[in-house]
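Listed in order, the protein sequences are those of chains A and B. For the first sequence, the residue numbers in my numbering are 1 to 233. For the second sequence, the residue numbers in my numbering are 234 to 450. Note that beta-carbon positions come from the ideal geometry of N, C-alpha and C, so glycine has one too. Every value quoted in this text rests on a predicted model; they were computed, and no experiment measured them. Notes to accompany the following structure.
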Amino acid sequence: MINKTVKNVSEALQGVEDSMTFMLGGFGLCGIPENAIGELVRLGIKDITCISNNAGVDDFGLGFLLQNHQIKKMISSYVGENDEFERQMLSGELEVELTPQGTLAEKCRAAQGGFPAFYTPAGFGTEVAEGKETREFNGKMYVLEPAYKADFAFVKAWKGDEAGNLIFKGTARNFNPCMCGAATITVAEVEELVPAGALDPNQIHIPGIFVQRIFQGARYEKRIEQRTVRPKE
Amino acid sequence: MLDKNGIAKRIAREVKDGYYVNLGIGIPTLVANFVREDIQVEFQSENGVLGMGPFPFDGEEDADIINAGKQTITTLAGASFFDSATSFNMIRGQHVDLTILGAMEVAENGDIANWKIPGKMVKGMGGAMDLVASAENIIVAMMHTNKAGKSKLLKRCSLPLTGVGCVKKIVTNLAVLEVSSEGFKLLERAPGVTVDQIREATEGTLIVEDEIPEMKL
């Protein structure tokens, strides 16, 4: 067993610097690496590029980094519900690259799997395809999309073991597995860290080879963005 | 004339036994409430769940189980969770049988615009570009005109496109229409709506052949 555990979030984030590119898992506020984001805020590093499906809300998730003006560029598919984001984008303080959601996921997974680029039909004929190579296969048009390159990937899983094996829960899985191994260093934070051998190898979603550092998050708020319920009958 | 629930109810009739269906945010979400109970259907949400159920009971919501609208949901027997790349393989690989989504504009050649109003609203396309570029069977659910009373069924879209030539069918508060090579072909009228009213509210070419039946709900 190759032990990937680090003591805490500050050890996990050793080596992060200004101007780096980070991948951050999560969909909305679901499955975001809360502890890594907190540490990035504490470190105060600047001019970072974030690859993340969304940009958090004003007072949670990546919203903290936006409030602090630490982000230079966001690469996302959907950025609604965030006033500070909108203000910084419209004033030109923040650079924004909007990417179709499936393309964003695949640009991560391509990096994980060693593909330099891939063709997708998403965005053909729209401004997303402007300046990109297009090609016809079997009568349909496709756009060439390059894989992402990132310095760190920050992902969040439900359970993990010392070997870096990960298990996700519910829809908190989302982009997290696609980002594992897609950056130079993948940092996984988990709700529960267990000894190697405690997880059933049949149930592992992401093998530890894709993870360089793993730690148990000190706390999780797991805020709900849209609480929707029906009354008990 | 239909309200939002009426549009959803009419679209629910397009959901067939054995279909995997992706529902967009807004009116499409309501479609799930009107699907016949004697057929087998599974709803996919692109954030990574197949087999979505209704909203949870008060007190039983789980922050780790949401839909693409970020609302708390439940799952039904036979449901599964998966990562985002797998989710879009279902969509891009045409394993999802029906996609229902909203739009700001639809053109008579099947172009759709629903993600950006330059200078005003830039929220992003989310999964809409992947969905419209891949799905064979796309139904647009929307009001026939916008808040200013202008037609949303146009000769050409004026807003930045989400996809080209992809919309097959449109269900509005006034009508059911099909995108054909000549323009919007009128298939059904909403209860109490005349062909003239539909023609008045449609900027793009409207094709009316024979008698147009009133829709059954």
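Along the stretch 349-376 of chain B, where does the CB come closer than 9 angstroms to a CB of chain A? Name the residues. K349, G352, M354, V355, K356, G357, M358, G359, G360, A361, M362, D363, L364, V365, A366, S367
Run through the DSSP bridge pairs and tell me what B:M376 is partnered with. Stepping through the second sequence from its first residue, residue 376 of chain B is reached at position 143. DSSP lists no partner for B:M376.
Let's see if you can read the secondary structure: which residues bound the beta strand (DSSP E) around A:F118? Within the first sequence, residue 118 of chain A is the residue found at index 118, counting from 1. Counting along the chain, the beta strand (DSSP E) containing A:F118 begins and ends at 117-120.
Using a Cβ-Cβ cutoff of less than 6 angstroms, which residues in the same chain neighbour A:V194 once the five nearest sequence positions on both sides are dropped? Here residue 194 of chain A refers to the residue found at position 194 of the first sequence. Hits under 6 angstroms: D161.
Candidates A:A183, A:V211, A:T228, A:N165: which alpha carbon is nearest A:L199's? On the first sequence, residue 199 of chain A is found 199 positions in, with the first residue counted as 1. It is A:N165.
Would you check if there are 3 or more beta carbon pairs closer than 8 angstroms linking the stretch 287-307 of chain B to the stretch 321-340 of chain B? no
Flag this pair as yes or no: are the beta carbons of B:F315 and A:R173 separated by less than 8 angstroms? What you label residue 315 of chain B is simply residue 82 of the second sequence in a count that begins at 1. What you label residue 173 of chain A is simply residue 173 of the first sequence in a count that begins at 1. Contact flag set, yes.
Could you work out which residue in B:G352, B:L309, B:P287, B:F417 is closest to B:D344 when comparing CA atoms only? Locating residue 344 of chain B in the second sequence gives position 111, where the first residue counts as 1. It is B:F417 whose Cα lies nearest to the Cα of B:D344.
Please return the same chain residues whose Cβ sits closer than 6 angstroms to the Cβ of B:N255, not counting the five positions on each side in sequence. Numbered from 1 along the second sequence, position 22 holds the residue referred to as residue 255 of chain B. Closer than 6 angstroms at the Cβ level, and outside the excluded window around B:N255, lie Q277, V329, T332.
Since A:N35 is in the alpha helix (DSSP H), which residue starts that stretch and which ends it? Your numbering for residue 35 of chain A matches position 35 in the first sequence. Counting along the chain, the alpha helix (DSSP H) containing A:N35 begins and ends at 34-43.
Taking 8 angstroms as the CB-CB limit, is B:S317 close to chain A? As a first step, residue 317 of chain B must be located in the second sequence, where it is residue number 84. It does: the Cβ of B:S317 has a partner Cβ on chain A nearer than 8 angstroms.
Per-residue contacts from A:K169 into chain B (C-beta, under 7 angstroms): Numbered from its first residue, the first sequence carries residue 169 of chain A at position 169. By Cβ distance, chain B contributes D297.
Is the shortest distance between the beta-carbon of A:I185 and the beta-carbons of chain B less than 8 angstroms? Along the first sequence, one-based indexing puts residue 185 of chain A at 185. Not one chain B Cβ lies under 8 angstroms of A:I185.
Shortest alpha-carbon distance to A:E225 belongs to which of B:P287, B:G239, B:A301? For the purposes of this step, residue 225 of chain A is identified with residue 225 of the first sequence, where counting begins at 1. Comparing Cα-Cα distances from A:E225 to each of B:P287, B:G239, B:A301, the minimum goes to B:A301.
For B:S367: DSSP bridge partner residues: Taking the first residue of the second sequence as 1, we reach residue 367 of chain B at position 134. DSSP, once it has assigned bridges, lists no residue as partnering B:S367.
Can you check whether the CB of A:F137 is closer than 8 angstroms to the CB of A:Y119? As a working note, residue 119 of chain A is residue 119 in the first sequence. As a working note, residue 137 of chain A is residue 137 in the first sequence. Cβ atoms of A:Y119 and A:F137: closer than 8 angstroms.
What does A:G139 touch in chain B if you count any residue whose Cβ is under 9 angstroms from its own? Counted from its first residue, the first sequence places residue 139 of chain A at position 139. Going along chain B, no residue has its Cβ under 9 angstroms from A:G139, so there is no contact; the nearest lies around 13 angstroms.
Could you tell me the distance, in whole angstroms, from the CA atom of A:F27 to the CA atom of A:C178? Within the first sequence, numbered from 1, the residue matching residue 27 of chain A stands at position 27. Within the first sequence, numbered from 1, the residue matching residue 178 of chain A stands at position 178. Rounded to whole angstroms, A:F27 to A:C178 spans 13 angstroms at the Cα level.
CA-CA distance, A:E191 and A:D83? On the first sequence, residue 191 of chain A is found 191 positions in, with the first residue counted as 1. On the first sequence, residue 83 of chain A is found 83 positions in, with the first residue counted as 1. Near 30 angstroms, if we compare the C-alpha coordinates of A:D83 and A:E191.
Using C-beta distances below 7 angstroms, list every residue in its chain close to B:L392, excluding the 5 sequence neighbours before and after it, in chain order. For the purposes of this step, residue 392 of chain B is taken as the residue at position 159 of the second sequence. Result list for B:L392: M337, E338, A346, K349, I350, in chain order.
What residues of chain A sit near B:F290, judged by a beta carbon separation below 7 angstroms? For this step, residue 290 of chain B is matched to residue 57 along the second sequence. Per Cβ cutoff of 7 angstroms: V229, R230, K232.
Below 6 angstroms CB to CB, which residues in the same chain sit around B:L283 once its five sequence neighbours on both sides are set aside? Locating residue 283 of chain B in the second sequence gives position 50, where the first residue counts as 1. For B:L283, where only same-chain residues beyond five positions count, the Cβ hits under 6 angstroms are E275, Q277, S313.
Residues of its chain near A:G102, where Cβ-Cβ distance is below 8 angstroms and the 5 sequence neighbours each way are ignored: On the first sequence, position 102 is the one that residue 102 of chain A refers to. Same-chain partners within the cutoff: T120, A122.
Counting along the chain, where does the alpha helix (DSSP H) carrying B:F321 start and finish? Within the second sequence, residue 321 of chain B is the residue found at index 88, counting from 1. Here the alpha helix (DSSP H) through B:F321 covers 317-325.
Answer with yes or no whether the minimum CB distance from A:I32 to chain B is below 8 angstroms. Mapped onto the first sequence, residue 32 of chain A falls at position 32. Not one chain B Cβ lies under 8 angstroms of A:I32.
Host alpha helix (DSSP H) of A:D83 (start-end): For the purposes of this step, residue 83 of chain A is taken as the residue at position 83 of the first sequence. It spans 83-90 - the alpha helix (DSSP H) in which A:D83 sits, taken as one unbroken run.
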